[in-house]
Amino acid sequence: MDIKGSVALITGAGNGIGQAVAKHLSAKGAKLALVDRAEAEARRVAEEIKASGGQAIAIGADVTSEEDTARFIAETLKAYNQLNMAIACAGVIRDGLMLSPDKATGKIGKKLGLDKWKQVIDVNLTGTFLTLRDAAEAMANGGWKGLLVTISSVNKVGQVGQLNYSSTKVACALMPKIMVGEFHMRGIKNIRAVGIAPGYTATPMLTGMNQDALAGILKDVPLGRLVEPTEIASLIEHCATNEAINATTLEITGGLCYPGAIAK
Ligand code: NAP
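Take the position in the sequence shown, starting the count at 1, then add 640; the result is the number in the numbering used here.
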């Protein structure tokens, strides 16, 4: 796939990894549809891209809503008449242990709340499904070369304190294989799907993490620092241009081989 002249839709594009991917693909000549529930942030990124000579539209939307998903796909097609990449970067963390005993009594004092469970499942899993389902529908009907991208995490192997988050990220790692298998079964030949599984990456999401735990985890990263969002953007560009990469999930972690314990 040629990046130049292609159309990329990115959710979670107002911040972090989504923002970096948007700016990187724009610099390579892609036209962008930037989706975020933080609409002002998506608009800011679109303005910055336009100021650098790129093309971008910003759409305020919640990826957990089927109506919003249909709307942002329709607005993208209206603006560009085409869709080639859909990159589902919108994601949240709501960390907590499933059970926390009370120190004084030894009895369970706190449980992981259903609200924290559902918020993460809704955005990371259902949001990714809706975005990629409707993007794939447009690509299949339009016949354009397409790439679907899920964002997994190195924590797909199971991170304590993240029963909700890790459950969504193992699913996002698996999705490309199933989607491509189904495309192959049904003769849909123009769409590939890949997952990207970043390690600990320098974005606002990490500011929500326990910073002592993060420092501990970095001791296990051979790279010795956080992964930069621009490094993830450059891997996504490679996946777009290298058609042999399909139905798989690639790790980009700075060498981290196992997650550390984040909750004591
Ligand atoms: P980020 O900086 O927090 O950016 C995520 C963006 O998604 C935010 O603008 C957020 O808006 C938006 N968003 C959240 N829920 C949404 C919804 N329902 N509808 C539309 N937009 C929504 O996070 P990031 O670090 O770039 O993470 C991007 C993806 O990479 C996530 O899937 C994350 O799990 C994954 N990842 C990150 C790391 C890391 O270390 N940072 C590592 C592995 C994987 P709000 O600010 O309003 O929530």
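All C-beta atoms, glycine included, are put in the ideal place defined by N, C-alpha and C.
What do you reckon, are the CB atoms on Leu911 and Ile727 nearer than 9 Å?
The question about residue 911 has no answer here: the residues shown for the chain are numbered 641 through 904.
With the cut-off set at 9 Å, would you say Ile689 and Ala719 are in Cβ contact?
Working through the sequence shown from its first residue, we reach residue 689 at position 49. Working through the sequence shown from its first residue, we reach residue 719 at position 79. No, the pair does not count as a contact, with Cβ atoms beyond the cut-off.
State buried or exposed for Lys610, treating a residue as buried only when at least 16 other CB atoms are found within 10 Å of its CB.
The question about residue 610 has no answer here: the residues shown for the chain are numbered 641 through 904.
On the three-state DSSP scale, how would you describe Arg773?
By one-based count along the sequence shown, residue 773 stands at place 133. The answer is helix: DSSP assigns Arg773 an H, G or I state.
Presumed contact (8 Å Cβ cut-off) between Ile892 and Ile818, rounded CB distance
Taking the sequence shown and counting its residues from 1, one reaches residue 892 at position 252. Taking the sequence shown and counting its residues from 1, one reaches residue 818 at position 178. At roughly 22 Å, the Cβ-Cβ gap does not stay under 8 Å, so Ile892 and Ile818 are not in contact.
Taking 7 Å as the limit between beta carbons, can you name the residues of its chain near Ala686, skipping five residues before and five after?
As a working mapping, residue 686 is identified with position 46 in the sequence shown. Taken in chain order, the residues that qualify are Leu674, Ala696, Ile697, Ala698.
Report whether the distance from the Cβ of Pro816 to the nearest heavy atom of the ligand NAP is below 8 Å.
Counting from 1 along the sequence shown, the entry for residue 816 is found at position 176. For the ligand NAP, not one heavy atom lies less than 8 Å from the Cβ of Pro816.
Any heavy atom of the ligand NAP within a distance shorter than 8 Å of the CB on Ile791?
Along the sequence shown, one-based indexing puts residue 791 at 151. Because some heavy atom of the ligand NAP lies under 8 Å away, the Cβ of Ile791 counts as near it: yes.
What's the C-alpha gap between Lys829 and Asn781?
As a working note, residue 829 is residue 189 in the sequence shown. As a working note, residue 781 is residue 141 in the sequence shown. Cα to Cα, Lys829 sits roughly 12 Å from Asn781.
Between the Cα of Asn764 and the Cα atoms of Leu846, Gly753, Ala648, Ser792, which residue gives the shortest distance?
Here residue 764 corresponds to residue number 124 of the sequence shown, with the count starting at 1. Selected option, being the one with the closest Cα: Ser792.
Proximity below 9 Å, CB of Val867 to CB of Thr888:
Position 227 of the sequence shown holds residue 867. Position 248 of the sequence shown holds residue 888. No. Outside cutoff.
Is it the case that the Cβ atoms of Asn804 and Leu752 are separated by a distance below 9 Å?
The residue you call residue 804 lines up with position 164 of the sequence shown. The residue you call residue 752 lines up with position 112 of the sequence shown. Yes, they are a contact pair.
Would Ser666 be called buried (16 or more neighbouring beta carbons within 10 Å of its own) or exposed?
In the sequence shown, residue 666 corresponds to position 26, counting from 1. So Ser666 counts as buried.
Delimiting residues of the alpha helix (DSSP H) encompassing Ala719:
Taking the sequence shown and counting its residues from 1, one reaches residue 719 at position 79. Its alpha helix (DSSP H) spans residues 706-720.
Three-state class that DSSP yields for Gln799 in the structure shown:
Position 159 of the sequence shown, counting from 1, holds the residue named residue 799. Here Gln799 sits in coil by DSSP.
Report yes if the C-beta of Gly835 is less than 8 Å from at least one heavy atom of the ligand NAP; otherwise report no.
Stepping through the sequence shown from its first residue, residue 835 is reached at position 195. Every heavy atom of the ligand NAP is 8 Å or more from the Cβ of Gly835, so no.
In its own chain, which residues sit with a C-beta less than 7 Å from the C-beta of Ile709, not counting the 5 before and 5 after it?
The count along the sequence shown starts at 1 and reaches residue 709 at position 69. The sequence shown places Thr at residue 709, not Ile. So the list reads Val703, Leu770, Thr771, Asp774, once near-sequence residues are dropped.
In whole angstroms, what separates the C-alpha of Val861 from that of Val732?
Numbered from its first residue, the sequence shown carries residue 861 at position 221. Numbered from its first residue, the sequence shown carries residue 732 at position 92. Cα-Cα distance, rounded: 23 Å.
How is Leu866 classed by DSSP in three states: helix, strand or coil?
Position 226 of the sequence shown, counted from the start, is the residue given in the question as residue 866. Three-state DSSP puts Leu866 in coil, outside helix and strand.
Where in the segment 653-698 do unbroken runs of the beta strand (DSSP E), each at least 3 residues long, occur, reported from the N-terminal end onward?
671-676
What span of residues does the beta strand (DSSP E) with Leu890 cover, start to end?
As a first step, residue 890 is located in the sequence shown; it is residue number 250 there, counting from the start. First-last of the beta strand (DSSP E) with Leu890: 888-892.
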